[in-house]
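Under the working numbering, the first residue of the sequence shown carries the number 686, and numbering increases by one thereafter. Backbone N, C-alpha and C fix where the C-beta goes; we use that ideal spot for every residue, glycine too. A quick note: this is a predicted structure, and the numbers were derived from the prediction, not measured. Below is one structure, written out as structure tokens; the observations come after it.
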Amino acid sequence: MTAMGVKEIRDVGAAAFAWLSAHRADFALDEEAFTADGQVDATWKPLGELAQTCQSVRTHLAPSDPLHDHASDLLRFAWQQTGRGELFVRLQGLEPFATYPLEVYSVFAAAGLRHPGYEAAAALTARTRGWRLTEQEPTRRLGVLKAERRSGIHRPDESAQVLRRTWLGGLPEPWTFERSSGYALTHVVFHLTDWGRAPEGVPTDVAAYLAHWLPSWLDTCLDAGMLDLGCELLVVAASLPTPPDLATFQGPWARIAGAQHDSGALPQEDAPVEPDFLYCYHSTLMAAFAAAQTLKRLTGVTDDDTEAARPQGVPG
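Encoded structure:
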């Protein structure tokens, strides 16, 4: 098994970005994204995940880092696919009470890419009782609250209360960890830390619980071939207040590197043949995200170092 250091982890991220750049056309929106029975998971979800990963990578790595350039280029592409925000206005008319348009839009807003017309329409909807009372799982509720704040919609912060209604916030018995709770806990940490930018957002008791059990859960996921969830857990490990111990995570990183195809694609579950786009784009994005977040924490890059990665480098 290859020893994994900073260079090897960077190689995983660089290969993932090479695949993402080569397959950017597969992230493009078409009219399927606006049909009444359109498959959101095959249209807006991939584009939103591309934007979120690229925005996160840009804020985690210095502008001089080649991975920063790849991320900026793909973020520009994603923004152009939305008609520079105009297509969110169209979605608002089609599905005024759907939350996914705001969740995707908020990623661009965090990068300084904004559409005032959509924000005004979304803010009007958000003032209705129908919007505020929509029933949501606690993890999704955390995400919607963060999306509102990013998009200029402000209301009393209930994140702390919502956190304690999530699986992770309740500090459950560690042996109850399974696939669904795994995906939920990673996204809770993503929301608490602004996708890794603010490790202090994880409460002390939750951080200690995760630091203790993440290595075991990582091994469990990788033993089961769940590569995408393994990458998400590596992001979580690198998003905790105390930086990760590389020695502890060299094994999981080596397994991710070993499963990555020569093209840079990482299948959702271990597979000898590279699968279709929809079955590897998410895992590949998470590999790129995990590499950038891990590199940031291992090399000690600070927010001051990444300040130039803010909005001014993206519009176009």
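Please return the same chain residues whose Cβ sits closer than 7 Å to the Cβ of Tyr894, not counting the five positions on each side in sequence.
Along the sequence shown, one-based indexing puts residue 894 at 209. Setting aside the 5 residues that flank it on each side, Tyr894 is surrounded in the same chain by Leu856, each with a C-beta closer than 7 Å to its C-beta; the list follows chain order.
For Glu843, which three-state DSSP category applies?
Within the sequence shown, residue 843 is the residue found at index 158, counting from 1. Coil, per DSSP.
Can you list the alpha helix (DSSP H) stretches of 4 or more residues lying completely in the segment 719–763, in chain order?
Here the runs fully enclosed are 729–745.
Using a threshold of 8 Å, state whether the C-beta atoms of Leu877 and Val887 are closer than that.
Along the sequence shown, read from residue 1 onward, the residue named residue 877 stands at position 192. Along the sequence shown, read from residue 1 onward, the residue named residue 887 stands at position 202. A Cβ-Cβ contact shorter than 8 Å links Leu877 with Val887.
Where do the ends of the alpha helix (DSSP H) carrying His876 lie?
Walking along the sequence shown from the start, residue 876 turns up at place 191. Annotation: the continuous alpha helix (DSSP H) that includes His876 extends over 864–877.
Rounded Cβ spacing between Thr824 and Ala869 (contact assumed at less than 8 Å):
Numbered from its first residue, the sequence shown carries residue 824 at position 139. Numbered from its first residue, the sequence shown carries residue 869 at position 184. That pair is a contact at about 5 Å.
Could you tell me whether the Cβ atoms of Leu853 and Val873 are closer together than 8 Å?
In the sequence shown, residue 853 corresponds to position 168, counting from 1. In the sequence shown, residue 873 corresponds to position 188, counting from 1. A Cβ-Cβ contact shorter than 8 Å links Leu853 with Val873.
Beta-carbon within less than 8 Å of Thr728's beta-carbon, same chain only, minus the 5 sequence neighbours each way: which residues are those?
Position 43 of the sequence shown, counted from the start, is the residue given in the question as residue 728. Cβ neighbours of Thr728 within its own chain (closer than 8 Å, five residues either side excluded): Leu714, Asp715, Glu717, Ala718.
Can you give the Cα-Cα distance for Gly985 and Ala710, rounded to whole angstroms?
For the purposes of this step, residue 985 is taken as the residue at position 300 of the sequence shown. For the purposes of this step, residue 710 is taken as the residue at position 25 of the sequence shown. Distance between the alpha carbons of Gly985 and Ala710: 35 Å.
For a test of the three-state rule: what should DSSP assign to Glu716, helix, strand or coil?
Taking the sequence shown and counting its residues from 1, the one referred to as residue 716 is at position 31. Of the three classes helix, strand and coil, the one that applies to Glu716 here is helix, per DSSP.
From Arg840, Ser836, Tyr803, Ala909, pick the residue whose C-alpha is nearest to that of Arg817; which is it?
Locating residue 817 in the sequence shown gives position 132, counting from the first residue. It is Arg840.
Boundaries (first-last residue) of the alpha helix (DSSP H) holding Glu693:
Here residue 693 is taken as the residue at index 8 of the sequence shown, counted from 1. Segment 691–707, the alpha helix (DSSP H) holding Glu693.
Inter-stretch contact (C-beta, 8 Å, three-pair minimum) for the segment 952–963 and the segment 917–924
Counting Cβ pairs under 8 Å, fewer than three are found: no touch.
What is the rounded straight-line gap between the Cα of Ala939 and the Cα of His745?
In the sequence shown, residue 939 corresponds to position 254, counting from 1. In the sequence shown, residue 745 corresponds to position 60, counting from 1. His745 has its alpha-carbon roughly 22 Å from the corresponding atom of Ala939.
Quick check on the DSSP output: what are the complete alpha helix (DSSP H) runs of length 4 or more inside the segment 784–816, in order along the chain?
Qualifying alpha helix (DSSP H) stretches, in chain order: 785–795, 801–811.
Hey, Leu980 and Arg695 are a contact pair by Cβ (cut 8 Å); roughly how many whole angstroms apart?
By one-based count along the sequence shown, residue 980 stands at place 295. By one-based count along the sequence shown, residue 695 stands at place 10. With 8 Å as the limit, Leu980 and Arg695 qualify as a contact, their Cβ atoms being about 6 Å apart.
Distance check for Gln978 and Asp955, CA to CA, integer angstroms please.
Indexing the sequence shown from 1 puts residue 955 at position 270. Indexing the sequence shown from 1 puts residue 978 at position 293. Gln978 has its alpha-carbon roughly 23 Å from the corresponding atom of Asp955.
Can the beta-carbon of Thr767 be found closer than 8 Å to that of Leu970?
The residue given as residue 767 occupies position 82 in the sequence shown. The residue given as residue 970 occupies position 285 in the sequence shown. No.
Bridge partners - Glu954, DSSP secondary structure assignment:
Sequence index remark: in the sequence shown, residue 954 carries index 269 (1-based). Answer by DSSP bridge pairing, in chain order: Met911.
Beta-carbon separation (whole angstroms), Ile941 vs Leu912, contact threshold 8 Å
Translated into the one-based positions of the sequence shown, residue 941 becomes position 256. Translated into the one-based positions of the sequence shown, residue 912 becomes position 227. Confirmed, about 7 Å.
Tell me the rounded alpha-carbon separation between Gln997 and Gly797.
As a working note, residue 997 is residue 312 in the sequence shown. As a working note, residue 797 is residue 112 in the sequence shown. In this predicted model, Gln997 has a pLDDT of only 44, less than 50, meaning its place in the structure is not dependable; the value taken from the coordinates is given anyway. Rounded to the nearest angstrom, the two C-alpha atoms are 8 Å apart.
Would Leu759 be called buried (16 or more neighbouring beta carbons within 10 Å of its own) or exposed?
Within the sequence shown, residue 759 is the residue found at index 74, counting from 1. A residue is called buried when at least 16 other Cβ atoms come within 10 angstroms of its Cβ; Leu759 meets this threshold and is buried.
Under 8 Å, do Gly949 and Ala736 count as touching if we go by C-beta distance?
Working through the sequence shown from its first residue, we reach residue 949 at position 264. Working through the sequence shown from its first residue, we reach residue 736 at position 51. Going by C-beta atoms, Gly949 is not nearer than 8 Å to Ala736.
So the candidates are Pro751, Pro786, Ser741, Gln935; which of them puts its Cα closest to the Cα of Lys730?
If you number the sequence shown from 1, residue 730 lands on position 45. Of the candidates Pro751, Pro786, Ser741, Gln935, the one whose C-alpha sits nearest the C-alpha of Lys730 is Pro786.
May I ask you to report which of helix, strand or coil DSSP gives Trp852?
Your numbering for residue 852 matches position 167 in the sequence shown. Here Trp852 sits in coil by DSSP.
Tell me whether Ile941 sits in a helix, a strand or coil according to DSSP, three-state version.
Here residue 941 is taken as the residue at index 256 of the sequence shown, counted from 1. In the structure shown, Ile941 falls within a helical segment according to DSSP collapsed to helix, strand and coil.
Pick out whichever of Gly698, Gly778, Leu951 has its Cα sitting closest to the Cα of Leu907.
To locate residue 907, count along the sequence shown from 1; it is residue 222. With distances taken between Cα atoms, Leu907 lies closest to Leu951.
Express the C-alpha separation of Glu804 and Leu827 in angstroms, rounding to a whole number.
Translated into positions along the sequence shown, residue 827 becomes position 142. Translated into positions along the sequence shown, residue 804 becomes position 119. Inter-residue distance for Leu827 and Glu804 is about 19 Å (C-alpha atoms, whole angstroms).
Hey, Ala763 and Arg743: beta-carbon distance below 8 Å or not?
For the purposes of this step, residue 763 is taken as the residue at position 78 of the sequence shown. For the purposes of this step, residue 743 is taken as the residue at position 58 of the sequence shown. In this structure, Ala763 keeps its C-beta atom at 8 Å or more from the C-beta atom of Arg743.
Is it buried or exposed, Val891, if we count other Cβ atoms within 10 angstroms and call 16 or more buried?
Indexing the sequence shown from 1 puts residue 891 at position 206. Counting Cβ neighbours within 10 Å, Val891 comes out buried, since at least 16 surround it.
From Phe793 to His897, what does the alpha carbon distance come to, in whole angstroms?
To locate residue 793, count along the sequence shown from 1; it is residue 108. To locate residue 897, count along the sequence shown from 1; it is residue 212. For Phe793 and His897, the gap between their C-alpha atoms comes out near 34 Å.
Taking only the alpha-carbon atoms, compute the straight-line gap between Arg864 and Ser968 and give it to the nearest angstrom.
Here residue 864 refers to the residue found at position 179 when the sequence shown is read from its first residue. Here residue 968 refers to the residue found at position 283 when the sequence shown is read from its first residue. Whole-angstrom Cα-Cα distance: 15 Å.
Residues in its own chain within less than 6 Å of Gly802 by CB, not counting five upstream and five downstream?
As a working mapping, residue 802 is identified with position 117 in the sequence shown. Annotation for Gly802: Val774 place their beta carbon closer than 6 Å to its own, counting only its chain and skipping 5 residues before and after.
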